[in-house]
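Engineer:
Dropping the structure here:
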């Protein structure tokens, strides 16, 4: 709005005040911007309550809302609008005229005038014009004819509560709708009005609506007509809907109660006084601090100066307390955390907060806090600060405190023993101090680089500073920048310290030489060496271990030793490890099997020792691993061959013994027939004369007859001896009670490496569990058949070997079936069990096994047969 417009509006407003008692300026957005009043205007609503508010929302009042609607019409059409309504003021009925005028020089504004049209002591308010005016004001009208006890309600009243005309016609009907809790309020206000103690009847009550809910209303009324004796004849009034305002008040009252409860629960004493130094509010903590024998609520309304005089008795310096209090109240300047010593040894902290609203002083808030404990803590912290300062000053380490701008806050004497320079350096930057000390530029650059890194990355930064000593020696300092982080995540300051690590560096160099020697021995040893963590992880291995297991160093370092240990040997050395941990032994050596990456079983000689940390905890195990797989296999083979040789030797001894016995039998049984034949043949070679001269008494015919009988006897003896030889030659072979599962278990253990390597499956179908048979023969038969099934398996196919026992008609049948290469029986069927016959090239086979197997079986009266097809496996059946 321009200055010319402002002057013009002032003139217009002053002119309108000749016919109205209030002029209101309203902007296009319905905000009240200015108000002009006559000196004798009716002060229904103070201007301060309306300035800056929307005219439609200025009060919970239908009149204001109506004014907002009329203002919208004027802004839209440019036509002036008029509203009249009647209200009670000072026991009088007053009719007001509100005009909304389009006479403002700025079209974004309009003016509203308020004027009183008539004032009468007892108006006839039942007239239609009055009723219409009140209806426009948004109030419901009630009119009670006291003598007839009838009550009249305006249509607007029925709209407010939802009733229809005729439902409420008597005072009893009306009273029955008032909330039971509010009846006492109604009666009390009626008594006050009737006695003259109140100018009008007015009270806020809850009234029952047609829908069953209660609504807050403002009920106002006056006696409109009396008889000549002053007896009331007519009681009229209005019901204003204030439900929304009351709900808001209840909400704010609840918030107020919450705030009051919070203040009352504070450990600090709170005192509120008004501009006249009267006590407005105090909490219980205030009473407790000053030992006031009253409830806090009872202090409200008391004189603040009197309370001040009583409270001063608690202060050690009463004069200072009073003068300082008066100074604050005089200057009305906020003061916080002022401390006072009390007579009883306590320390109080006091806050003074002046209360100002719209630049008007309304009072003050005082807060009193007992900080005795806090002061004790502060004193203790101060003592601790001095202690740590003394400690930092005395500690034989370079310690500095530097702010984020690189300025020194503290330097201990060990960092800089020149006191004047040290005192000068406080507040100076890193660059300024090093310049004074004459430090090389490159050293200053290193300091700044590490300082900025620690500051920007908010982390500790360390480096080793090599210092040349005046005597030509060298010293090493471990320097560090350590940022101190605040709660908000920002760096507060930087702690810089330096510790001499010369001895450590020299020890590390010596240790490095020792470690280099150990590493050389470790990496280039001719045997496998490994370091094992206490938890079982491989820490380090040499190339021999990698070659032995087929794993790379990186693969092994991510594995637990259990992962490459043969399953049956995983826990074999647990007792020995426990002895190491108990320091009962310094090392142990055992035979242990591992599994290579290609699933080969590796038999090793394992020697383990334990290295300890300085604190007595295990550091790592040192393992020496020697591959003895070849030696182990050779040893097992030698043992097997020795066993076979011993069996053959025993058998040969038995055979020799049997042959000797047989020879005696032959000599005994054949001597006579052989002698007869010899004698008779000699006689038959003689002539008849010579034969007669012998005096033997035999004729040639008789000699031939005797010779024939001797031949028959010799043949019979030979047959008998042959049968006896067959029995004799085997009678010394011991028969055993053989458990098939046990025998097979012994053989699979001998072939364990091959079974594991080929991932073979051995399946048992043992219907017959035991058999009486020479155990050494049974083991040899099963060993040859199972080892052949493993040897002649198909590459890439898991070997499956099924061993079956069952009862035949007279003997036990043993079957060994596989899924290997098989034998072409059409081509080799007559050669399967012959000596030195080979059916598959490229295998370590001499063609002896099946020949020996058949010989053993047949020597005990059994037999062996085979069913097979190429690539379909073979099935050998043995009749035991």
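Numbering (my numbering), first residue to last: 3 to 882. Even glycine gets a Cβ: it sits at the ideal position worked out from N, Cα and C. Small disclaimer: the values here were computed from a predicted structure and weren't measured.
For residue 147, which of helix, strand or coil comes out of DSSP?
Structural biologist: strand
Engineer: Taking only three categories from DSSP, how would you classify residue 298?
Structural biologist: helix
Engineer: Looking at the secondary structure, which residues open and close the beta strand (DSSP E) in which residue 340 lies?
Structural biologist: Boundaries of the beta strand (DSSP E) around residue 340: 337-343.
Engineer: Would the beta-carbon of residue 355 fall within 8 angstroms of that of residue 336?
Structural biologist: yes
Engineer: Going by CA-CA distance only, name the one from 605, 815, 523 that's closest to residue 637.
Structural biologist: 605
Engineer: Buried or exposed for residue 18, please, with buried defined as at least 16 other CB atoms from any protein chain shown within 10 angstroms of its CB.
Structural biologist: Buried: at least 16 other Cβ atoms inside 10 Å.
Engineer: Provide the residue(s) that pair with residue 191 in DSSP beta bridges, ordered along the chain.
Structural biologist: Per DSSP, none; premise fails for residue 191.
Engineer: So, does the stretch 737-756 touch the stretch 771-781, judging by three or more C-beta pairs under 8 angstroms?
Structural biologist: yes
Engineer: Distance check for residue 251 and residue 272, CA to CA, integer angstroms please.
Structural biologist: 25 angstroms
Engineer: Along the beta strand (DSSP E) that carries residue 809, what are the first and last residues, could you check?
Structural biologist: Annotation: the continuous beta strand (DSSP E) that includes residue 809 extends over 802-809.
Engineer: So residue 239 and residue 280 are supposed to be a Cβ contact under 8 angstroms. How far apart are they, rounded?
Structural biologist: Rounded to whole angstroms, the Cβ separation of residue 239 and residue 280 is 36 angstroms, and the two are not in contact under 8 angstroms.
Engineer: Helix, strand or coil for residue 591 per DSSP?
Structural biologist: DSSP, reduced to helix, strand and coil, places residue 591 within a strand of the structure shown.
Engineer: For residue 368, which option in 393, 422, 275 has the closest C-alpha, if you only look at C-alpha atoms?
Structural biologist: Nearest of 393, 422, 275 to residue 368, Cα basis: 275.
Engineer: Have a look at 619, 627, 601 and flag the residue whose alpha-carbon is nearest the alpha-carbon of residue 610.
Structural biologist: Selected option, being the one with the closest Cα: 627.
Engineer: Could you check how far apart the C-beta atoms of residue 879 and residue 867 are, in whole angstroms? I think they sit under 8 angstroms.
Structural biologist: 5 angstroms
Engineer: Which of the three DSSP states, helix, strand or coil, is assigned to residue 758?
Structural biologist: Of the three classes helix, strand and coil, the one that applies to residue 758 here is helix, per DSSP.
Engineer: How big is the Cα-Cα spacing for residue 53 and residue 39?
Structural biologist: Straight-line spacing of the CA atoms in residue 53 and residue 39 works out to 13 angstroms.
Engineer: Under the rule that 16 or more other beta-carbon atoms within 10 Å means buried, what is residue 322, buried or exposed?
Structural biologist: exposed
Engineer: Between residue 666 and the rest of its own chain, which residues show a CB-CB distance below 6 angstroms, the 5 nearest in sequence each way excluded?
Structural biologist: Model confidence at residue 666 stands at a pLDDT of 49, short of 50, so the residue's coordinates are unreliable and nothing is read from them.
Engineer: When you compare only the Cα positions, how much space is there between residue 447 and residue 504?
Structural biologist: 23 angstroms
Engineer: Quick check: what's the CA-CA separation for residue 415 versus residue 340?
Structural biologist: Their Cα atoms are separated by approximately 38 angstroms.
Engineer: Who are the near neighbours of residue 309 in its chain, counting only those whose CB is closer than 7 angstroms to its CB and skipping five residues on each side?
Structural biologist: 281
Engineer: Just to check my reading of the structure: residue 145 and residue 173 have Cβ atoms closer than 8 angstroms, yes? What is that Cβ distance to the nearest angstrom?
Structural biologist: About 12 angstroms separates the two Cβ atoms, so there is no contact after all.
Engineer: DSSP state of residue 486, grouped into three classes?
Structural biologist: strand
Engineer: Measuring straight from C-alpha to C-alpha, what distance separates residue 599 and residue 523?
Structural biologist: 26 angstroms
Engineer: Buried or exposed: which applies to residue 790, given that a residue is buried once 16 or more other Cβ atoms fall within 10 Å of its Cβ?
Structural biologist: Buried, because 16 or more other Cβ atoms sit within 10 Å of the Cβ of residue 790.
Engineer: Do the CB positions of residue 216 and residue 210 come within less than 8 angstroms of each other?
Structural biologist: In this structure, residue 216 lies near residue 210, with their beta-carbon atoms less than 8 angstroms apart.
Engineer: If you measure between the beta carbons of residue 410 and residue 429, is that distance less than 8 angstroms?
Structural biologist: With contacts defined by Cβ atoms closer than 8 angstroms, residue 410 and residue 429 form a contacting pair.
Engineer: Which whole-angstrom value is the C-beta distance of residue 314 and residue 324, which I expect to be below 8 angstroms?
Structural biologist: 6 angstroms
Engineer: Would you mind working out which of 622, 572, 597 sits nearest residue 589, comparing C-alpha positions?
Structural biologist: The shortest CA-to-CA distance from residue 589 to any of 622, 572, 597 is the one to 622.
Engineer: If you compare alpha carbons, which of 860, 840, 770 is closest to residue 816?
Structural biologist: Residue 770 holds the alpha-carbon nearest to the alpha-carbon of residue 816 among 860, 840, 770.
Engineer: If contacts are defined as beta-carbon pairs under 8 angstroms, then residue 117 and residue 23 qualify, I think. What distance do you get, rounded to the angstrom?
Structural biologist: 6 angstroms
Engineer: Starting from residue 436, follow the alpha helix (DSSP H) in both directions and report where the run begins and ends.
Structural biologist: 432-439
Engineer: Using the beta-carbon count (16 or more within 10 Å), is residue 136 buried or exposed?
Structural biologist: Per-residue confidence for residue 136 stands at a pLDDT of 43, beneath the threshold of 50, marking its modelled position as unreliable; the derived number appears in the next sentence. The residue in question, residue 136, is buried, as its Cβ has 16 or more Cβ neighbours within 10 Å.
Engineer: Under 6 angstroms Cβ to Cβ from residue 291, same chain only, skipping five residues before and after it: list those, please.
Structural biologist: 271, 370
Engineer: For residue 127, does the three-state DSSP call read helix, strand or coil?
Structural biologist: Low per-residue confidence applies at residue 127: pLDDT is 36, beneath 50, and the placement is therefore not dependable, though the value from the model is reported in the following sentence. If DSSP states are grouped into helix, strand and coil, residue 127 belongs with coil.
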